[in-house]
Structures are given as structure tokens and as C-alpha cells.
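Heads up, the thing below is written out as C-alpha cells.
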DNA sequence: TATGGCCTTGGAGTGCACTCCAAGCAAGCG
DNA sequence: CGCTTGCTTGGAGTGCACTCCAAGGCCATA
């Protein structure tokens, strides 16, 4: 990848209101510690992501230090979101590989995204189910005196 | 895609048996392998839960084998749900300890449940955010031929 | 010139949540 | 009786996702 960006702004769809700390295209060259500050990841983790093939080739300064671009930050945003879904890092690496391999992996990538989407829907449903259980327990506790609170432990 | 609209049939307050495999009170004595079949956990994990204090004292047969009750199954259901929220096992152990300690931990338990509830809401929000990103990417892929699909990698 | 800060590397270590192992006991069956 | 099946135990091992370490390079300020 690393093809030159042509879109003048990424705030294209859905009015993405995203990242106040970003510099405009052409000046988007962030040190690792800046990226640490932006993403909440550690420098260790950023270097590790690169080692395992989860980052798409980060630029270097003339002294060999990493210089991250806005594109890299975008990618890390996506990775962060996928991480929240519980997707294993290995699967994200697989996706990164597909992107690196070029257009002919289009179908695979599409499938991977759709499978992930289904997983996310399932997880949301599970969490809503859990929420219902919690709410039921909480209302027992809220209504009850001590003795009844103990009873609350008996119901699912 | 496994549509799981929240079924209203789960509003079982101290009543309807939600688990077809359960036996009535008084005959609720399950071997570890039955519990494995019901919960999807392994026997190893069940024993490990007990060792770390996550199970509230499981009965034994005259030969020393574990005999789980409906209450134990209820507890495992709760544990399973909490596990789905990403709650660390150590926190669940803490909750189990509070229950064992009796009524005077009422307040602590209530707080723990409410904190968990807030976490779950946060997680659901995060997942919905992720879902929006995925949907956006997927629609790029769905609309696009190969060349455009490549472009889709450029947007957050 | 030296001090401190930020960065680099490969490899080793950590914490969590299991997961498995070896050795052994008890019950049921032919 | 031996065989199989199912269960028991403490402790060791596994896989994942980091997390840290030691040793050193670069460079701006004092």
C-alpha cells in the first residue's frame, strides 16, 4: 500500500469529527511518543505491532526513528476498534496481509469484515442479555433490605 | 446473521425454568460431566473455578465426587455472563467472597453490580461505534470494484 | 563536553485464564 | 478378576497480548 493520499480530507463520510491533534497532510509525521499520547498504546506495543506485521510499514527519519503518518493513525484507530470486538491479533494481522497483497484479496477482505460484523452483533446481543440479568439483580438489591438482598443471590 | 432480538420470554422472576435440562429441586444433583455439557466449560475449568474461590462450595457424593445443584448452575450462568463482559476472574472471585461473607456486604455487592452495569453499557457503546466503522467499510467494499475496494482502506 | 531525553533493537519476562498431566481411586460389567 | 469409564488431586504447561530489559545511538541545551 503506501499509495499517495489523494482525498483532500477524511471527514468525508458521516461527518467524522475525529482527531483534533492531527496535523494536515504533508506535515503528518509523528514520533512514537506522540502516537503513544494519541492512541493510549505503549511504545512497546506499537513496536510489537510492527514486528508481528500488524502495521503497514512505518516511515523512518534520517536517523532511523519511526515517523507515523495520518494513515498510520487511521490504521491504529481501526485496529483499536477491532481489538474491542475481541478479534485476535492474529486475525488482524491476516487482514493487514490481505491489504498488503493488493486488490486481488478484495473478496477475502470483504468476507472477513462481514464475519467480524456478525461477531460484533452477537457480542452486542450477549451484552444486552447480560445487562438484563444485571438490571434484575440490581433491582432486587435496590428494593431489598439486607435479608432480601441475600435472597437476590438465589435467582439467576 | 443470527438475529437475536431480545426475547421477552426471559423475564423469569423466580419462576419459569429457563433450562430444559434441569431437574426439579431435591433431585438437582449433577456430575461434573453433566455440568460440562450444560455450560460448555471444561471439567478442568470447573475444578479450577472452585480452587480459586469462584464457586460457592460444591457438594460431594459419598465417594468424594462433585455434585452440582441448580444453585450452582445458576451461579455458573451468572459467571458466564460476567465473563462475557470482560470482567476479570479476580473481580468475580471478589463478588463471590462478598456473597459468602453474608448480608453485611450488601452495599459492596450493590456497588459492584452497578459498576459492572456501567462497564457493560460502555462496552455496548464501543461495539456500536465499531459496528458503524465496519458498516462503512463494508459498504465501500460492497459498492466497489477492486480499485475502489483498495480506496476503502484509506478511510477510517 | 557532558548531561538528559528520546529513540533503537532482540530477546526475555509477565499476567491472565485456562489446559493438561500423571497417578490413583471407585463403580459397573463380563 | 481384569477392564473400562469417570472422577479425584496438585502442580506444571500453554497461548495470548503485551511488557520490560539491557545496551546503545542521536542530538539539543548548559
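Residue numbers (UniProt numbering), protein chains in the order written: chain Y, 1 to 156; chain C, 1 to 156.
Glycine included, every Cβ here is placed at the ideal spot set by N, Cα and C.
Please read all numbers here as calculations on a predicted model, not as lab measurements.
Pairwise C-alpha distance: residue j and residue i
i	j	result
residue 70 of chain C	residue 24 of chain C	8 Å
residue 141 of chain Y	residue 107 of chain C	9 Å
residue 52 of chain C	residue 93 of chain C	7 Å
residue 137 of chain C	residue 113 of chain Y	8 Å
residue 127 of chain C	residue 85 of chain Y	7 Å
residue 155 of chain C	residue 78 of chain Y	Because the pLDDT of residue 155 of chain C is 44, which lies under 50, any placement of that residue in the model is unreliable, and the number read from its coordinates should be weighed accordingly. Straight-line Cα distance between these residues: approximately 10 Å.
residue 35 of chain C	residue 100 of chain C	22 Å
residue 76 of chain Y	residue 39 of chain Y	8 Å
residue 63 of chain C	residue 73 of chain C	22 Å
residue 97 of chain C	residue 81 of chain C	18 Å
residue 124 of chain Y	residue 61 of chain Y	42 Å
residue 13 of chain Y	residue 131 of chain C	Its pLDDT being 34, under 50, residue 13 of chain Y is placed unreliably by the model, and the measurement read from it follows with that caveat. If I take the Cα positions, the gap works out to 15 Å.
residue 117 of chain Y	residue 50 of chain Y	25 Å
residue 9 of chain Y	residue 46 of chain Y	The pLDDT assigned to residue 9 of chain Y is 31, lower than 50, so where the model puts this residue is not dependable; a value taken from the coordinates is nonetheless given after this. Each residue's alpha carbon lies about 25 Å from the other.
residue 129 of chain Y	residue 90 of chain C	22 Å
residue 110 of chain C	residue 102 of chain C	13 Å
residue 56 of chain C	residue 83 of chain C	17 Å
residue 88 of chain Y	residue 68 of chain C	34 Å
residue 105 of chain C	residue 29 of chain Y	53 Å
residue 65 of chain Y	residue 54 of chain C	47 Å
residue 48 of chain C	residue 115 of chain Y	33 Å
residue 95 of chain Y	residue 122 of chain Y	21 Å
Host alpha helix (DSSP H) of residue i (start-end)
i	result
residue 114 of chain Y	106-143
Nearest neighbour of residue i, chosen from the options [CA to CA]
i	options	result
residue 134 of chain C	Y/76, Y/120 and Y/28	Y/120
residue 33 of chain C	C/27, C/26 and C/43	C/43
residue 37 of chain C	C/48, C/22, C/27 and C/26	C/22
Contained alpha helix (DSSP H) runs [length at least 4] in the UniProt domain "HTH merR-type" (29-98) of chain Y, N- to C-terminal order
32-39, 43-51 and 70-84
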